[in-house]
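Heads up: the structure comes next, in structure tokens.
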Amino acid sequence: MNSIKQNIEQVINQIGLAAEKCGRDAETVQLLAVSKTKPIAAIEEAIAAGHRAFGENYVQEGVEKIQYFAQQGAAPALSWHFIGPIQSNKTRPIAEHFDWVHSVDRAKIARRLSEQRPADMPPLNVLLQVNTSGEDSKSGLAFDDVAALADEVAMMPNLVLRGLMSIPQKANDYDSQLAAFSSLSEAMNKLKAKHPQLDTLSMGMSGDLDAAVAAGSTIVRIGTAIFGARDYSTKQ
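Note that the UniProt record's numbering has the sequence shown beginning at 1, numbered continuously upward.
Shown next, in the form of structure tokens:
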């Protein structure tokens, strides 16, 4: 079985090959290691391998990990991304601890994050989650609602609107994957006419990384391919 370091190297190599195929610079695609349900030791192994950006889906679990590493005096600077659904009663710990939030899809949530962001912290980097497949079971905005929420978030004092995120319907063929990601990329291009500072598209996981990179993803969210299968028995 590969080590976490070897797994990270393999994923970075896959990103590089995907970028080369579509004429992109691999440096424009960030690898976000999704560490939800994984123990501190696994994250420490990733850090020892040189990785610095981690994604968490569960608030309490993520905050505990952030606090643990913040208490390590010699710890390198890490970037923590909240990528899960957001409940109104969980916005404060997200605002107080995370650097990025990928899953904002309501003005109420955005306002709470802005109001609860500590004054001594940099503004919170925010992505709007878009439901690209229109599934009722998926979180996210309809395409028609993206522009209005983007306008609102851009005016909130403690948030920085950075771009869009999606978790499209699972598809096994490349063409279907590419179509779903391209729809988000097109929505981003429309938004940039009014919000030219937007620079981030969070899309793509282990099974659809190549299509995501071809469609313009700048953050790919990879968990199992780095850390192995997840244990949800301790899900919070």
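Yeah, the Cβ is synthetic: ideal placement off N, Cα and C, and Gly gets one too.
For His-97, the enclosing alpha helix (DSSP H) stretches over residues 91-97. Going by DSSP, Asn-189 is part of the alpha helix (DSSP H) stretching over 174-192.
Each residue's CA atom was taken as its position, placing Thr-218 and Gly-50 some 19 Å apart.
By the criterion of a C-beta distance shorter than 7 Å, Cys-22 is surrounded in its chain by Val-213 and Ala-214, once the five residues flanking it on both sides are discounted. In the structure shown, Leu-149 falls within a helical segment according to DSSP collapsed to helix, strand and coil.
Distance from the CA atom of Asp-25 to the CA atom of Ser-88, rounded to whole angstroms, is 38 Å. In this structure Ser-103 is in contact with Pro-85, their Cβ atoms being roughly 6 Å apart against a cut-off of 8 Å. Sequence-distant partners of Lys-138 (beyond 5 residues in either direction) whose C-beta falls short of 7 Å from its own C-beta, in its chain, are Asn-131 and Ile-167.
If you check the CB distance, Met-165 and Met-203 come in under 9 Å.
In the DSSP assignment, Glu-56 is bridged to Phe-82.
With a threshold of 16 other beta carbon atoms within 10 Å, Asp-175 falls short and is exposed.
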